[in-house]
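First the structure, in the form of structure tokens, and then the observations on it.
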Amino acid sequence: MNLQYAKTGKSLKLIEHIASGGQGEVWTTSDTKIVAKLYKQTMTSEQVEKLQVMSEDPPNDPALRKGHVSIAWCIDLLKDQQNNFVGYAMPKVQNSRTILNVFLPTLRNKVALGFNWYYLHQTAQNLASVVQAIHQKNYVIGDIKAENLLVNASAQVSIVDTDSFQIRNSATGKVYRCLVGTGSYTPPELLGKNLQTVDRLELHDRFGLGIIIYQLLFGYHPFLGVLDTPEQLSLEERISKGLWLHSPNATVKPGRFSIPLEVVHPSLRTCFQKCFTVGYENPHLRPTATEWYQALKLAIADLTVCSHSPEHHYTKTNRRCCWCDYKAKTSVDLFPPVPSTPKTHKIKTPSPVVTTVGPTPRNNSLATNNPIAWILALTISLSLIIPPIRQELVIPMFRQIVQTFTR
Numbered sequence: 048m049n050l051q052y053a054k055t056g057k058s059l060k061l062i063e064h065i066a067s068g069g070q071g072e073v074w075t076t077s078d079t080k081i082v083a084k085l086y087k088q089t090m091t092s093e094q095v096e097k098l099q100v101m102s103e104d105p106p107n108d109p110a111l112r113k114g115h116v117s118i119a120w121c122i123d124l125l126k127d128q129q130n131n132f133v134g135y136a137m138p139k140v141q142n143s144r145t146i147l148n149v150f151l152p153t154l155r156n157k158v159a160l161g162f163n164w165y166y167l168h169q170t171a172q173n174l175a176s177v178v179q180a181i182h183q184k185n186y187v188i189g190d191i192k193a194e195n196l197l198v199n200a201s202a203q204v205s206i207v208d209t210d211s212f213q214i215r216n217s218a219t220g221k222v223y224r225c226l227v228g229t230g231s232y233t234p235p236e237l238l239g240k241n242l243q244t245v246d247r248l249e250l251h252d253r254f255g256l257g258i259i260i261y262q263l264l265f266g267y268h269p270f271l272g273v274l275d276t277p278e279q280l281s282l283e284e285r286i287s288k289g290l291w292l293h294s295p296n297a298t299v300k301p302g303r304f305s306i307p308l309e310v311v312h313p314s315l316r317t318c319f320q321k322c323f324t325v326g327y328e329n330p331h332l333r334p335t336a337t338e339w340y341q342a343l344k345l346a347i348a349d350l351t352v353c354s355h356s357p358e359h360h361y362t363k364t365n366r367r368c369c370w371c372d373y374k375a376k377t378s379v380d381l382f383p384p385v386p387s388t389p390k391t392h393k394i395k396t397p398s399p400v401v402t403t404v405g406p407t408p409r410n411n412s413l414a415t416n417n418p419i420a421w422i423l424a425l426t427i428s429l430s431l432i433i434p435p436i437r438q439e440l441v442i443p444m445f446r447q448i449v450q451t452f453t454r
């Protein structure tokens, strides 16, 4: 099928269908650096207007000078041969997979072995840089979630599904809302609200950003934990009550396989407390993307390599390798040694990261993008992190995970 760019009239040929979602399909094109998203339903005038605003006023991509696409933004609208708007063109994100592949321990050790805590810190910092660039344009991500975040072997991050963002026309002030959300990343003040009637704020994104950074550094959701009550609550219910793992509220207790908050740098501990404890009552006090970036910069500079295991990076401030301690306590090595000759996947040479701090990046490989594998791995991770976990808690969380991937 041949389409045309709306601005220039230049032809663009669709080559291969590579992904589908609730609203549309993504295709490779005759331009190897461009992919096309085509909507399943006829585009509304509101959609067309929003994408026109996006194409004319993009955010500054913080990684573009390094040759990496970190924001898959609308370049131009696309028309069919009948001159109807059918979708839009955006830059192709190369050699990346969902961040679930690196923060879930079971998946990471299968498909990204060697992606250690240093790389996870870099991933978090690069994510903060991307979110910062979006917020600088007064745009709001809205539906910020792990499913829409990709990472490559060098910890460079990309965000996709940008047409769902809340966009404000800087010339007219008109707001094109984000109409969707994911409960497990939604701040408590928005849970239960009709998101189609809400103008999102940058401080709402701060909550979801904090959750994803926590997932990257700890491997699981910050609102998981063992409730010290007969009542079992879903993630959304826990979020609405402010019941996170390291809350002063004694209702939530970490399990044997949980990781202490103290393993991270003091600057990050402060950010997490501001995001989930202080921010519960005062959302405007949640750390901004810039604050997260600076805290992660300090944390990365303070990382050191364990003398017993080269894959163990820990905070020098703590003076002990937290991963050796964790292994001694649980018999689980979250960052196991990398074989000298990997047999399961090919190692690729990494490209430069957005911010280079600490040791020189080593080769890594990301090898899968199978949603079923993610769901299975996440379910296994839950049993690893907080066993013994009650069936009443597993079932609603598993159902939520499935719904996330089948939206």
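Under our numbering, think of the first position of the sequence shown as 48, with each following residue one higher. We put the beta carbon where it would ideally sit given N, CA and C, even for glycine.
- Nearest in C-alpha terms to residue 295, of all of 305, 95 and 321, is 321.
- Residue 383 and residue 91 have their C-alpha atoms spaced approximately 51 angstroms apart.
- Separation of residue 331 and residue 323 (C-alpha to C-alpha, rounded to the nearest whole angstrom) is 12 angstroms.
- Positions of the alpha helix (DSSP H) runs, each at least 4 residues long and wholly inside the region 171 to 207, cannot be given because no such run exists.
- A distance below 9 angstroms separates the beta carbons of residue 256 and residue 339.
- Within the model, the alpha-carbon separation for residue 264 versus residue 58 is close to 44 angstroms.
- In summary, residue 355 is exposed, with fewer than 16 beta-carbon neighbours lying within 10 Å of its beta-carbon over all protein chains present.
- Judged by beta-carbon spacing, residue 128 lies within the 9 angstroms limit of residue 49, meaning their Cβ atoms are closer than that value.
- If you compare the alpha carbons of 240, 165, 95 and 139 with that of residue 197, the shortest gap goes to 139.
- With respect to the 9 angstroms criterion, residue 300 and residue 266 are not classified as neighbours on the basis of their beta carbons.
- Membership of residue 73 in the beta strand (DSSP E) is indicated by the continuous run 71 to 76.
- If you check the CB distance, residue 71 and residue 84 come in under 9 angstroms.
- A direct Cα-Cα distance of roughly 23 angstroms separates residue 177 from residue 155.
- Bounds of the beta strand (DSSP E) holding residue 64 are 58 to 67.
- Residue 234 is positioned such that its CB atom lies no closer than 9 angstroms to that of residue 181.
- With fewer than 16 other beta carbons inside 10 angstroms of its own, residue 56 counts as exposed.
- In this chain, the alpha helix (DSSP H) harbouring residue 152 covers 152 to 158.
- For residue 126, the enclosing beta strand (DSSP E) stretches over residues 123 to 126.
- Look at the beta carbons and you see the region 219 to 232 touching the region 276 to 286: at least three pairs across the two are nearer than 8 angstroms.
- Distance from the CA atom of residue 110 to the CA atom of residue 175, rounded to whole angstroms, is 12 angstroms.
- Excluding sequence positions up to five before and after residue 184, its CB lies within less than 6 angstroms of the CB of 106, all in the same chain and listed in chain order.
- With 16 or more other Cβ atoms from the protein chains shown falling within 10 Å of its own Cβ, residue 215 counts as buried.
- When the five nearest sequence neighbours on each side are left out, the beta carbons in the same chain lying within less than 8 angstroms of the beta carbon of residue 225 are those of 187, 188, 189, 190, 211, 212, 213, 242 and 247, in order along the chain.
- Between residue 53 and residue 123, the gap from beta carbon to beta carbon is short of 9 angstroms.
- Take the alpha-carbon of residue 96 and the one of residue 204: they are about 28 angstroms apart.
- Collapsing the DSSP output to three states places residue 51 in a strand.
- Comparing alpha carbon positions, the residue from 222, 237 and 378 closest to residue 288 is 237.
- Rounded to whole angstroms, the gap between the alpha carbons of residue 302 and residue 115 is 39 angstroms.
- Note: residue 138 is bridge-paired with 81 in the DSSP secondary-structure output.
- Counting other Cβ atoms within 10 Å of its Cβ, residue 367 stays below 16 and is therefore classed as exposed.
- Contact between residue 334 and residue 253 holds, with the beta-carbon distance rounding to 6 angstroms and staying under 8 angstroms.
- Remark: C-beta atoms of residue 359 and residue 371 approach each other more closely than 9 angstroms.
- Across the structure, residue 74 and residue 64 are spaced so that their CA atoms are roughly 4 angstroms apart.
- The alpha-carbon separation between residue 260 and residue 82 amounts to approximately 28 angstroms.
- Shown here for residue 143: same chain residues with a beta carbon closer than 8 angstroms to its own, the five before and five after excluded, namely 197, 198, 199, 203, 205 and 413 in chain order.
- The DSSP-derived three-state label of residue 112 is helix.
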